[in-house]
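Counting from 1, one number per residue, gives the positions in the sequence shown under full-length UniProt numbering.
Everything on this sheet refers to the single structure shown next.
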Amino acid sequence: MKAVLCKAFGPAESLVLEDVASPVAKKNEILLEVHAAGVNFPDTLIIEGKYQFKPPFPFSPGGEAAGVVSAVGEKVSHLKVGDRVMALTGWGSFAEEVAVPGYNVLPIPPSMDFNTAAAFSMTYGTSMHALKQRGHLQPGETLLVLGASGGVGLAAVEIGKAMGARVIAAASSAEKLAVAKAAGADELINYSETSLKDEIKRLTDGQGADVIYDPVGGDLFDQAIRAIAWNGRLLVVGFASGRIPELPVNLTLLKGAAVVGVFWGSFAQRQPQDNAANFQQLFGWFAEGKLKPLVSQLYPLSNAAQAINDLGQRKAVGKVVVQVR
Numbered sequence: 001m002k003a004v005l006c007k008a009f010g011p012a013e014s015l016v017l018e019d020v021a022s023p024v025a026k027k028n029e030i031l032l033e034v035h036a037a038g039v040n041f042p043d044t045l046i047i048e049g050k051y052q053f054k055p056p057f058p059f060s061p062g063g064e065a066a067g068v069v070s071a072v073g074e075k076v077s078h079l080k081v082g083d084r085v086m087a088l089t090g091w092g093s094f095a096e097e098v099a100v101p102g103y104n105v106l107p108i109p110p111s112m113d114f115n116t117a118a119a120f121s122m123t124y125g126t127s128m129h130a131l132k133q134r135g136h137l138q139p140g141e142t143l144l145v146l147g148a149s150g151g152v153g154l155a156a157v158e159i160g161k162a163m164g165a166r167v168i169a170a171a172s173s174a175e176k177l178a179v180a181k182a183a184g185a186d187e188l189i190n191y192s193e194t195s196l197k198d199e200i201k202r203l204t205d206g207q208g209a210d211v212i213y214d215p216v217g218g219d220l221f222d223q224a225i226r227a228i229a230w231n232g233r234l235l236v237v238g239f240a241s242g243r244i245p246e247l248p249v250n251l252t253l254l255k256g257a258a259v260v261g262v263f264w265g266s267f268a269q270r271q272p273q274d275n276a277a278n279f280q281q282l283f284g285w286f287a288e289g290k291l292k293p294l295v296s297q298l299y300p301l302s303n304a305a306q307a308i309n310d311l312g313q314r315k316a317v318g319k320v321v322v323q324v325r
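Below, the structure written as structure tokens:
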């Protein structure tokens, strides 16, 4: 099979496309014939040795995939050969085949195509877990989404609306905000042209945002935590800006606020029943037309490095997908 390989930590340009032996599914795994693979921010980190997981060399990046089950381990009972599925792989999806633990695999709804499915699990799984289990978002509350035109950001906008929140979308350009507006955002903040903190306070009559969804970190975190509501929750999702911020903890004391970590991958493994319930709700909203994943660009497997670079340089709007078949 063909696979994009990382043989040493380095930039995306160092990745190579080679023929390698097909993996064999273990007793608790399925073998997935990959049709499409989602590109996510962790892919930019894992190839440079900056992610919390460091696979042995050589490995393929790609943390999520969609395709068809081609073999099933004897301990996997909820899947069969021929099933159309989406899978959380951690790495390995930028290849024609990947072996995946059965508990990380879900059947795809009949109306969902492979490209959409490859763009769905990580972004919507992360944002649903963040807003439901970690943020406890309630109907009528104000949700601020930073980086609102990116994959997880757009998912958070849509899920926030489905949960009954008033959604303020924040992004760095008018073009990106137009995408967030189309996804259902009620209010928009262009933080390249105005003060994020001041705009949050203006749009909330000085009260601040009840829940803040932050996949960006850096300076935006610093401003957002100063415009959080009483009993507010700031969700730490990632650090796309490149800087991990430090928190003056007196700010949480003054607002009775909480800064909450979001790590969906571990949640999915530690609380599989809760994760499955999240996805049943997500699939229901998808069937109702409330969730419309935006796949902005498709790349062939041979161009996976370019896909990772475009995402890492924050050029992407919505999700980027590598088409394998």
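Quick reminder that beta carbons are idealized off the backbone N, C-alpha and C, glycines included.
- What span of residues does the beta strand (DSSP E) with W91 cover, start to end? Note, W91: premise wrong, no beta strand (DSSP E); not H, not E.
- Item | Length of the line joining the Cα atoms of Q133 and V262 | Looking at the backbone, the Cα of Q133 and that of V262 are separated by about 9 Å.
- Classification of residue 330 by the beta-carbon crowding that lies within 10 angstroms, buried from 16 upward: Only positions 1 to 325 of the chain appear in the structure, and residue 330 is not among them; the question remains open.
- Query: Which value, in whole angstroms, describes the spacing of the CA atoms of G153 and A182?
  - Reply: About 13 Å.
- Quick one: what does DSSP say T126 is sitting in, helix, strand or coil? Note: T126 maps to helix in three-state DSSP.
- Query: With contact counted as at least three CB pairs below 8 Å, one residue from each stretch, are the region 25-35 and the region 276-296 in contact?
  - Reply: Taking 8 Å as the limit for Cβ pairs, the verdict is that the region 276-296 does not touch the region 25-35.
- Task: Report back the beta-carbon spacing between Q323 and N115 to the nearest angstrom; my notes put them in contact at under 8 Å.
- Result: With 8 Å as the limit, Q323 and N115 qualify as a contact, their Cβ atoms being about 7 Å apart.
- Taking all protein chains shown into account, do 16 or more other C-beta atoms lie within 10 angstroms of the C-beta of residue 336, making it buried, or fewer, making it exposed? Since the first and last residues shown for the chain are 1 and 325, residue 336 lies out of range.
- Excluding sequence positions up to five away, which residues of its chain have a Cβ less than 6 Å from the Cβ of A25? Cβ neighbours of A25 beyond the five flanking positions: L31, A71, G73 and A99.
- Secondary structure at A178, three-state DSSP: helix, strand or coil? Note: A178 maps to helix in three-state DSSP.
- Message: Please report the straight-line C-alpha distance between L106 and A162, rounded to a whole angstrom.
- Response: Rounded to whole angstroms, L106 to A162 spans 22 Å at the Cα level.
- Give the secondary structure of P107 by DSSP, where H, G and I count as helix, E and B as strand, and everything else as coil. P107: strand per DSSP, three-state reduction.
- Query: Expressed to the nearest angstrom, what Euclidean distance is found between the alpha-carbon atoms of I159 and P139?
  - Reply: Whole-angstrom Cα-Cα distance: 12 Å.
- Message: What would DSSP say about N278, mapped onto helix, strand or coil?
- Response: Looking at N278 - three-state DSSP - the assignment turns out to be helix.
- Message: For Q52, report the span of its beta strand (DSSP E) as first-last.
- Response: Taken as a continuous stretch (DSSP letters only), Q52 belongs to no beta strand (DSSP E), as it is neither H nor E.
- Message: Measuring only the C-alpha atoms, how far is A87 from A65?
- Response: Rounded to the nearest whole angstrom, the C-alpha separation of A87 and A65 is 5 Å.
- Per DSSP, E33 forms a beta bridge with which residues? BP columns for E33 point to V68 and E97.
- Message: Counting only beta-carbon separations shorter than 9 Å, does L15 have a partner in chain B?
- Response: Reference to chain B is not applicable here, since this structure consists of a single protein chain.
- Query: Is the beta carbon of V259 less than 9 Å from the beta carbon of V236?
  - Reply: Yes. Within cutoff.
- If G39 sits next to I308, beta carbons under 8 Å apart, how far is it from one beta carbon to the other, in whole angstroms? It should be noted that the sequence gives Val, not Gly, for residue 39. About 6 Å; that satisfies the 8 Å criterion.
- Under the three-state reduction of DSSP, which class applies to A307: helix, strand or coil? Secondary structure of A307 (DSSP, three-state): helix.
- Where does residue 326 land, buried or exposed, given buried means 16+ other C-beta within 10 angstroms? With the chain covering only 1 through 325, there is no way to say anything about residue 326.
- Task: Return the CA-CA distance between D113 and L143, expressed in angstroms with no decimal places.
- Result: Rounded to the nearest angstrom, the gap between the Cα atoms of D113 and L143 is 30 Å.
- Message: Please report the distance separating the alpha-carbon of G206 from that of R166.
- Response: Rounded to the nearest angstrom, the two C-alpha atoms are 15 Å apart.
- Task: Within 10 angstroms of the Cβ of D219, are there 16 or more other Cβ atoms? Answer buried if so, exposed if not.
- Result: It is exposed - the Cβ of D219 has fewer than 16 other Cβ atoms within 10 Å.
- Query: If you run the structure through DSSP and keep just helix, strand and coil, what is N250?
  - Reply: For N250, the three-state secondary structure derived from DSSP is helix.
- Message: So within the region 145-193, which uninterrupted beta strand (DSSP E) runs reach at least 3 residues, ignoring any that extend past its ends?
- Response: Within the region 145-193, the complete beta strand (DSSP E) runs of at least 3 residues are 166-171 and 187-190.
- Could you tell me which residues DSSP pairs with A258 in its beta bridges? Bridge partners of A258: R233.
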